[in-house]
Structure formats: C-alpha cells, structure tokens
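Below is one structure; the comments refer to it alone.
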C-alpha cells in the first residue's frame, strides 16, 4: 500500500526512524464486522456490537472519512473507494496489551474467557501477559500456548498475541510480546529464563540489574534480526506506581536497540485496575490503578509524593504537562503511551478461582461459579473501560505491531470518544500520530483534528459528553545531558476547545504559525467532571486532571482521552 500523502516516516536526523517493509502479499481478509459486503444479519452478536461501534465512529461506509481533510487528498489508497474504514489511510484497531489468566499466580480466568470478553467489548487485538516467574518460565509459557491457539481459531476477528509480563530487572513490570509463529514459545521461554528479574533474583535497583534489562531487550532484537520471530515489542507497565522506573532507566530501554528495530517503544499512559477506585460500600474503595504506594528503598528519590497516585486515572508521568513524558518527547525520540485493563479479577463477577496446585501445574484449575457478586475486585474486562487504538495498514499481527512502533496510537477511557483523526499539515505535506512533518523553516503549519463523539452508551450504560479538548505543544530541545531529567519547561497547553457534545463529529483547527524551530503537539480531552491546575502551574496547564482521591475515585465520573504526539521539523 503506497503512501502518496507526504507522511514522512523517517525522522532520521533525530534518531526516530520508522521502517516499513511492504511485502506485497494479498491483504489479509477483513474481520466480518468491517466487511460491508457481509449483511448485519449474518454477524454474530459480538460482530454486530463491533459494527455498531464502527458505524458510530464513522469508520464504516462514508461516515467520518468523507468529512475529513484526508478525503480531500490522494492520501487514501484505492481500497478507500469501497471501504470507508480506509478513509483515513489506516484501519483503527482497538486493543489491550495487558491481560492475565489462570496461568498467573494471581489470576483466574481461562484465555478463552478473556478473549471472548474482549471480542464482546470491541477489542480487535489482545495480548495475553501472564506474570513472569520461575513457574511460568518452566511450564506456564508452554502450557498457555495451546489455549491461545484455540482462542485464535474460535475468535478469528480478534488477533491474540502471546506475551508475558516481564519483571524488568531493577524496575517495574513490562509487557513483552512477539509476532505469532513457530518460535513464539521458545523465544519467550528463553527470554524469561535469561532476563526476568524474578527468575534471576534481579529485582533490586543496581547497575548490574539495570544492565540485565538492557541485555534482555538486546536479546529480543537479536531474535528479530535472526528471524526467529517476525517482531517483538516491550511496553512499560504502571511506570510510576512504585517510583522504581527512574528516568535514566526509561531512556536506556528506549535507546537499547537500533532505532529501526526499537523493542521498548512506550509505557502505559494509564494503568489498569481502574475499578479499584470505585467508592465503598459497593466498590473496593481503593486507589485507581492500585496506585496507593509511598517511596521505597529502590524508588527514584527525586520523584515527588504525588507521583505515586493517578491523575484522572492516568499515570503521573503522562498526566503532568511538562513532566516526564514531555521530557522524553522534547528529545525528539519516540516514546508512546497506551491504556489497558491489567485484567486479573473482574469487578461484579460471579466466578471464583478454581483449585489446583499452581506451582506444580503452572496454572489454576478452571474458574467455577461462586454464588455471589464480588464487589471487592479491581478490574474490568478488556475493552470495557480502557482502550488503545492503533492505526494499522491492514488487519494483521504485523500491522498492529508496526502501528504501535510507529506511534499511531490514541487511548480513551469509558468510550469518551469513538474516533480520532489528527493531521499536521504544511507545505503540501502532512503527518499523523507518531509521525514527523518535515518542512522548510518558516512554513505555516496547521493542526486539524476530527473527533467522532461517543454517539451511544458506553458499557456503564450512559453516553459520555466530551467537554473540552486541549492542544499541548512543546519544543524539541534535543538529547538531555542528565538522563534523569523529568521536566520539559517549554511544554504547555496552547489552546483549549469547548465541545460539550456527545453525538456527531467535531473539527478543531489550530494554527501553529510559521514554524522556525522543531516542536511537537499532542492532544488530550475530558468530560470536564474533575480538573485542577497542573503541577507546573496555571500558565502551563490551567485545567488538567486532578489527583485521584484514594477511596473515592469513581472511574466513570472522570473520563479522558490522550493522543500520541506529532513532530514538526523545519530545516
């Protein structure tokens, strides 16, 4: 599929390279929900639900695509004529890269349970990520694979990756996953055995353990280079939860492998466990994301106390304008955000964990009916609350991984919006999320955003209203000398748009003016229910997310979406 739209993928001069290998095979068949030649009545209930979501987002038929700036260019490939989902040049696939099953010591569900629920709640791709451990490395990583294969066959419209939750040596957890293939188990098993912090007794903060994490990423890169697996990715999970992912470690993971084959590409902008904030007596009465910690002996001492809490359900690193995420983006290097369920035990569920000896079997027995509704659990099913939307070139495992690596990703909570189309244009070229617009110095640059609003009820049964969208802009100042930098003084909210609608689509445009130095822009939106002056002050962020109150943080009453950045690089 050609890109005839000046969307430059190679940010070569600042280490941000996107490589596309276009093997011209027949495009994979579309999932039935996307295929407009399949009538509604021929769809399963899950497929009908998915099609309804796509229609609301304007991603089926003409819809939103006809009204966007992209439809006015030669951007859309030939397929666009017959299929509106291609109207923006990409197929937007919703997914979740952080899901646990009975193969985790603290899980209970079968793989098929999580995949069935994910499919029902609109997920196009899922990653099964059971905890790295001695038991998992020995037997779990092999035993779960037939269950994943079975789920792939049973739910052909859902891409199911095998991964694991890596205990990053000297740091927190991370999702590691590979492209399916004959070596998916052997590569993950070798990786976990050789580089998992729990398996190697390397969880403490030390230079040797930090080096082991880098070696693990290099191992994965080598497996891709040797074609043992087609691709591999790592995303850091709940990065600020314990304060043990220091800025220099995050930078080291990002830079551990060649830019064109980057393995560590981002972090959870918002953690899972969102139901944990539901107030008692009908909820757990805890902290969103289970972010209720204090600094420990391995924590990075410079992080402030408020970094151990979520802000509007988002991790402090992401939620702070001018904070750690912006400091990474200001280097002009890719580091993307995602949002997922971290689903272990689902709020309001009636199933209880099966018996069995986990250490001996590498799994628990199948769950059984418990006879009551559990309102103490912290999680939602995949897709029920948190979604990560990836712009893919087709419906395939490779295209999802390529889209994540390229940063064509936006995230939302509670189905606050149903579609997002972002374009930065100037000098007859344009770039979208994760991309870079290369222009002559002094070129006038415009940001155009098309938002498909909720258009229908979410899984909690109400239709969210988008109150406001913020444009955040920062200067690209180059690589930092101090690798523990976690502020970006130039980043701030440059424009806010009042929307206050929940149906239809809205177009927002922002004039960046004649750009004479490298910058990036990113987006954030809210239902407007809770806001506060950001950590860097009102001049930087007058109406940001408020810190979540432990014991009283209903996630449905505080909804946000975030996009990944687009760079503008004048020369």
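Residue numbers (full-length UniProt numbering): 1 to 571.
The beta carbon of each residue, even a glycine, is placed where N, CA and C say it ideally should be.
At the C-beta level, residue 566 and residue 420 stay beyond 8 Å of one another.
Look at residue 210 here: in three-state DSSP terms it is helix. With a cut-off of 8 Å on Cβ pairs, the region 340-349 is not in contact with the region 395-403, counting fewer than three such pairs. Straight through space, the alpha carbons of residue 468 and residue 506 are spaced by roughly 11 Å. With a cutoff of 8 Å on beta-carbon distance, residue 129 and residue 158 are scored as not near each other. Taking each of 163, 300, 453, 442 in turn and checking the Cα distance to residue 240, the smallest one comes out for 300.
Here DSSP, grouped into helix, strand and coil, assigns residue 416 to coil. Boundaries of the alpha helix (DSSP H) harbouring residue 193: 184-195, taken from the DSSP string. Closest in alpha carbon position to residue 528, among 497, 510, 294, is 497.
Taking the C-beta atoms as reference points, residue 271 is found nearer than 8 Å to residue 291. Listed in chain order, the non-local C-beta contacts of residue 387 below 6 Å within the same chain comprise 94, 412, local neighbours out to five positions each way being set aside. Residue 368 counts as exposed, since fewer than 16 other beta carbons sit within 10 angstroms of its beta carbon.
A Cβ-Cβ distance of about 29 Å is found for the pair residue 103 and residue 318, leaving them out of contact under the 8 Å criterion.
By the neighbour-count criterion, in which a residue is buried when 16 or more other Cβ atoms sit within 10 angstroms of its Cβ, residue 222 is exposed. Nearest C-alpha to residue 181 among 457, 169, 162: 162. In the DSSP assignment, residue 162 forms a beta bridge with 128. Residues 122, 418 of the same chain have their beta carbon placed closer than 7 Å to that of residue 53, with the five preceding and five following residues left out of the count. Nearest to residue 390 by alpha-carbon distance, out of 382, 401, 383, is 401. Residue 330 has its alpha-carbon roughly 40 Å from the corresponding atom of residue 156. The beta carbons of residue 546 and residue 312 sit about 7 Å from each other, so the pair counts as a contact at 8 Å. In the pairwise beta carbon analysis, the region 325-339 is classified as touching the region 243-251: at least three pairs are separated by under 8 Å. Residue 522 counts as buried, since no fewer than 16 other beta carbons sit within 10 angstroms of its beta carbon. Residue 226 has no beta-bridge partner at all, per DSSP. Residue 570 is bridged by DSSP to 439. In this structure, DSSP gives residue 139 a helical state, which the three-state scheme calls helix. Where residue 525 is concerned, the enclosing beta strand (DSSP E) starts and stops at 519-526. Proximity to residue 458 across 430, 515, 383, 439 peaks at 383, based on C-alpha coordinates.
According to the DSSP assignment, residue 267 belongs to the beta strand (DSSP E) that extends over 264-270.
Spatial neighbours of residue 405 in its own chain (CB-CB distance under 6 Å, excluding positions within 5 residues in sequence) are listed in chain order as 265. The beta strand (DSSP E) runs lying completely inside the region 324-363 and spanning 3 residues or more are 336-339, 349-352, given in chain order.
For residue 289, the closest alpha carbon among the candidates 570, 514, 551 is that of 551.
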